[in-house]
Amino acid sequence: DTGVSQNPRHKITKRGQNVTFRCDPISEHNRLYWYRQTLGQGPEFLTYFQNEAQLEKSRLLSDRFSAERPKGSFSTLEIQRTEQGDSAMYLCASRTRGGAGDTQYFGPGTRLTVL
Amino acid sequence: DQQVKQNSPSLSVQEGRISILNCDYTNSMFDYFLWYKKYPAEGPTFLISISSIKDKNEDGRFTVFLNKSAKHLSLHIVPSQPGDSAVYFCAATFGNEKLTFGTGTRLTIIP
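As you go down the protein sequences, you meet chains U and D in turn. Going from the first sequence to this note's numbering is simple: count from 1 and add 2. Going from the second sequence to this note's numbering is simple: count from 1 and add 229.
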């Protein structure tokens, strides 16, 4: 196991289409996070899971966005009816359960371009 | 509302010298701080972290200093190497869940 993986790495879509991204966390990491990064900005929190439970969602996560982690392992992030403003790098991170000192490890990201 | 700020978008440092990257925060509830390094087309890579109960943490060439009264932290890299050229993000968290990131500082090490 070498780290968090994300697929696809790049996605180009037309406005109005639906897209789905996948994240595979580090084995045995029970917490999984989604972030979005736009040009010139730092990553912004979208949502996170503890096992299969989605515990928090950001205001950035509009009704067009849905995330799942059905078996507490991999997660998917779906964007419906994509808009040009959805163009960004979507990052996934995972960490083990624990207190302060547990670090979030990031995957390589999925770059979405909406035409 | 930018709770974590990195006011220097870029920094150039001669190879072998010290690089100092700065970060300010406004939320006094933050209890854990991290620095990540990011290369183009890659995800952020964890560098070093510090708990709010400490004022310094060191790991090899990297040292993070925390000044709680000033709500300021800094990352020192000594000596700077060409491979350190990247974008550096400061991040903060409360309760060790979601991270709040700054906008990043692009560090360029000049050979």
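We treat Cβ as the ideally placed atom computed from N, Cα and C, and that holds for glycine.
In summary, V242(D) is buried, with 16 or more beta-carbon neighbours lying within 10 Å of its beta-carbon over all protein chains present.
Along the stretch 248-263 of chain D, the positions whose C-beta sits under 9 Å from a C-beta of chain U are D260, Y261, L263, read in chain order.
With respect to the C-alpha of H301(D), the residue from G245(D), E244(D), I249(D), E326(D) having the closest C-alpha is I249(D). DSSP lists F275(D), F318(D) as the bridge partner or partners of Y265(D).
The three-state secondary structure of D313(D), taken from DSSP, is helix. Nearest to S298(D) by C-alpha distance, out of T337(D), N251(D), D284(D), is D284(D). For Q43(U), the neighbours in chain D by C-beta distance under 7 Å run, in chain order, T332. Taking 9 Å as the cut-off, the beta carbon of R97(U) is found closer than this to the beta carbon of H31(U).
For L302(D), the nearest beta carbon of chain U is not closer than 9 Å to its own beta carbon. Separation of the CB atoms of F318(D) and P269(D) is rounded to 14 Å, and the pair is thereby denied contact status at 8 Å. Ranking D253(D), Y265(D), F291(D), G245(D) by CA distance to the CA of V316(D) puts Y265(D) first.
Within chain D, the residues L263, F275, S278 have their CB atoms less than 9 Å from the CB of T105(U), given in chain order.
Segment contact: the stretch 23-41 of chain U against the stretch 230-238 of chain D, fewer than three CB-CB distances shorter than 8 Å; contact not assigned.
Burial check for R17(U): the Cβ neighbour count within 10 Å stays below 16, so the residue is exposed.
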